[in-house]
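Chemist: Provided herewith is a single structure, encoded as C-alpha cells, for subsequent inquiry.
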Amino acid sequence: MGRNAPSYYAVAKGKNVGIYKTWNECRQNTHGVSNATFKKFSNMSDAQSFIRDNSSTSRGSMSSSGGSRYDYGSGYSSHSSYSSGGSSSYGRNSGSSDTSSATRTKVYVDGAARGNGRGGTVKAGYGVYYGPGDGRNRAVPLSLVDDTSTVTPTNQRAELHALNHALDSALESAKSGSGERYQVYTDSSYAKNCVDNWSQKWVQNNWVNSKGEPVANSDLIKEALSKYQAINELYSKSGDLKLEITHVRGHAGNVGNEMADKLANEGADAM
C-alpha cells in the first residue's frame with residue numbers, strides 16, 4: 002500500500018462499531034473492551050464486509066463518533082482481532098471457566114517476534130492461553146494492536162501486549178463481581194519485572210531510566226501497572242489474595258506456556 006493511501010480500520014465489536022480513518026480512533030473505540038473485534042483494511046468494501054460478518058450491531062443502532070470516522074453510509078469503523086481455540090480465526094468468543102473464588106483461572110501469555118532487532122520486516126504477535134478449547138484463547142498479530150508504521154514490533158512489546166490482554170480479562174472479571182480470580186504466567190522476566198519491580202523507580206523518576214532516557218515501551222507498562230494495581234485493590238476489598246504475575250521457564254515442558262507460545266507464533270504468522 003502506498004505511503005499516502007487511505008486506511009480503513011473496521012471495528013465490528015467495540016465501544017462504537019464503525020470504520021475509522023486512523024489507528025488512534027480505532028484504539029479509542031476498542032481499548033479495554035474484552036471482546037473487541039477489529040481489523041485494518043486497504044479498501045472500504047473489505048472493511049464493510051468484515052463488519053457485516055462479525056458484528057451483531059444493526060445499522061440503525063450504530064452510534065456516530067464524528068472526527069476521523071468514515072461516514073456510516075460508505076463504511077464502518079472497526080478494530081481487528083484473532084481468536085483461537087486451538088487454531089486462529091477472526092473475532093472473539095466469550096468463554097466459560099470456573100467462577101469459584103477458591104479456584105484461580107490460570108492464564109498463560111507469551112510474545113513472539115521474528116527478525117527482532119535485525120532490521121527489515123519484523124513479524125510479531127502474542128498469545129493468551131486459558132485452556133484447551135477455551136473461547137478466550139487468542140493469537141494476535143501486533144499489527145492489530147500497534148500502528149506498526151510508526152511503532153517497531155519487538156518481542157518485548159509482544160510480551161507486554163500479551164500481559165495487558167490477560168490483565169484486561171482479570172480486571173473486567175473483578176469489576177463484574179463474578180468471583181473468578183486470575184493468576185497470570187509468563188516466560189518473560191522482562192514483562193514481569195516491568196510491573197513488579199522496575200516500575201516503582203520509573204514512576205519516581207517520571208519514567209526516565211538510569212541512563213536519563215525515556216523508558217522503552219512505557220505506554221504498555223503504564224497500562225499494565227494501572228490494571229495490576231486496580232485488580233489487586235478489588236481483590237483486597239473482597240478478602241482475596243493478590244493476583245500474581247508468575248515467571249515460568251520457556252520451552253521447559255510447561256503445557257500452558259507451550260500453548261501460549263504456539264498462539265504467539267500464530268499471531269506473528271498473521272502479520
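Heads up: the sequence shown runs through residues 2 to 272, numbered per the numbering used here. Built from N, CA and C at the ideal position, the CB exists for glycine as well. Values in this document were obtained by computation on a predicted structure and should not be read as measured data.
Roughly how many angstroms lie between the CA atoms of Asp-262 and Ala-113, to the nearest whole one?
Modeler: Along the sequence shown, read from residue 1 onward, the residue named residue 262 stands at position 261. Along the sequence shown, read from residue 1 onward, the residue named residue 113 stands at position 112. For Asp-262 and Ala-113, the gap between their C-alpha atoms comes out near 7 Å.
Chemist: Report buried or exposed for His-162, applying the criterion of at least 16 other Cβ atoms within 10 angstroms of its Cβ.
Modeler: Here residue 162 is taken as the residue at index 161 of the sequence shown, counted from 1. When all chains shown are included, His-162 counts as buried.
Chemist: Go ahead and label Ser-144 buried or exposed: buried means 16 or more other beta carbons lie within 10 angstroms of its beta carbon, across all protein chains shown.
Modeler: As a position in the sequence shown, residue 144 is number 143, starting the count at 1. With 16 or more Cβ atoms within 10 Å of its Cβ, Ser-144 is classed as buried.
Chemist: What does Phe-42 pair with, by DSSP beta-bridge criteria?
Modeler: Here residue 42 corresponds to residue number 41 of the sequence shown, with the count starting at 1. Bridge partners of Phe-42: Tyr-9.
Chemist: Output needed for Lys-243: all residues of its chain with C-beta closer than 6 Å, excluding positions within five of it in sequence on either side, in chain order.
Modeler: Position 242 of the sequence shown, counting from 1, holds the residue named residue 243. Within the same chain, Lys-243 has close Cβ partners Asn-233, Tyr-236.
Chemist: Output the boundary residues of the alpha helix (DSSP H) element that contains His-248.
Modeler: Counting from one through the sequence shown, the residue named residue 248 turns up at place 247. Taken as a continuous stretch (DSSP letters only), His-248 belongs to no alpha helix (DSSP H), being part of the beta strand (DSSP E) at 246–248.
Chemist: Relative to the C-alpha of Val-146, which residue among Asn-138, Arg-158, Val-110 is closest?
Modeler: Here residue 146 refers to the residue found at position 145 of the sequence shown. Of the candidates Asn-138, Arg-158, Val-110, the residue whose Cα lies closest to the Cα of Val-146 is Arg-158.
Chemist: In terms of residue numbering, what span does the beta strand (DSSP E) encompassing Lys-107 cover?
Modeler: Numbered from its first residue, the sequence shown carries residue 107 at position 106. Here the beta strand (DSSP E) through Lys-107 covers 105–115.
Chemist: Quick check: is any heavy atom of the ligand PLP less than 7 Å from the C-beta of Asn-156?
Modeler: In the structure shown, the ligand PLP is absent, as is every other ligand, since no ligand is present at all.
Chemist: What distance in whole Å lies between the Cβ atoms of Val-204 and Ala-225, which are believed to be in contact at a cut-off of 8 Å?
Modeler: Position 224 of the sequence shown holds residue 225. Position 203 of the sequence shown holds residue 204. About 13 Å separates the two Cβ atoms, so there is no contact after all.
Chemist: Going by CA-CA distance only, name the one from Val-34, Ser-190, Asn-206 that's closest to Val-18.
Modeler: Within the sequence shown, residue 18 is the residue found at index 17, counting from 1. Measuring C-alpha to C-alpha distances from Val-18 to each of Val-34, Ser-190, Asn-206 identifies Val-34 as the nearest.
Chemist: In the DSSP output, what is Tyr-186 paired with across the bridge?
Modeler: Here residue 186 refers to the residue found at position 185 when the sequence shown is read from its first residue. Tyr-186 is bridged to Tyr-109, Thr-247.
Chemist: Given that a residue counts as buried once 16 or more other Cβ atoms are within 10 Å of its Cβ, and exposed if not, what is Glu-160?
Modeler: Locating residue 160 in the sequence shown gives position 159, counting from the first residue. That one is buried.
Chemist: Assign Gly-268 to one of three DSSP states: helix, strand, or coil.
Modeler: Working through the sequence shown from its first residue, we reach residue 268 at position 267. Gly-268 falls in the helix class under three-state DSSP.
Chemist: Expressed to the nearest angstrom, what Euclidean distance is found between the alpha-carbon atoms of Tyr-130 and Ser-174?
Modeler: In the sequence shown, the residue the question calls residue 130 occupies position 129. In the sequence shown, the residue the question calls residue 174 occupies position 173. It is roughly 16 Å from the alpha-carbon of Tyr-130 to the alpha-carbon of Ser-174.
Chemist: Please classify Gly-128 as buried or exposed, where buried requires at least 16 other C-beta atoms within 10 Å of its C-beta.
Modeler: The residue you call residue 128 lines up with position 127 of the sequence shown. Burial call: buried.
Chemist: Specify the secondary structure class of Lys-124 as computed by DSSP and reduced to three states.
Modeler: Position 123 of the sequence shown, counted from the first residue, corresponds to residue 124. In this structure, Lys-124 counts as strand in the three-state DSSP scheme.
Chemist: Output the distance between the C-alpha atoms of Asp-270 and Thr-247, rounded to the nearest integer angstrom.
Modeler: The residue given as residue 270 occupies position 269 in the sequence shown. The residue given as residue 247 occupies position 246 in the sequence shown. Straight-line Cα distance between these residues: approximately 27 Å.
Chemist: Which residue comes first and which comes last in the beta strand (DSSP E) that contains Tyr-21?
Modeler: The residue labelled residue 21 in the question sits at position 20 within the sequence shown. First-last of the beta strand (DSSP E) with Tyr-21: 19–21.
Chemist: Which residue or residues does DSSP assign as beta-bridge partners of Tyr-130?
Modeler: By 1-based counting over the sequence shown, the position of residue 130 is 129. BP columns for Tyr-130 point to Tyr-109.
Chemist: Going by beta-carbon coordinates alone, are Glu-245 and Gly-126 separated by less than 8 Å?
Modeler: Residue 245 sits at position 244 when you count from the first residue of the sequence shown. Residue 126 sits at position 125 when you count from the first residue of the sequence shown. No, the pair does not count as a contact, with Cβ atoms beyond the cut-off.
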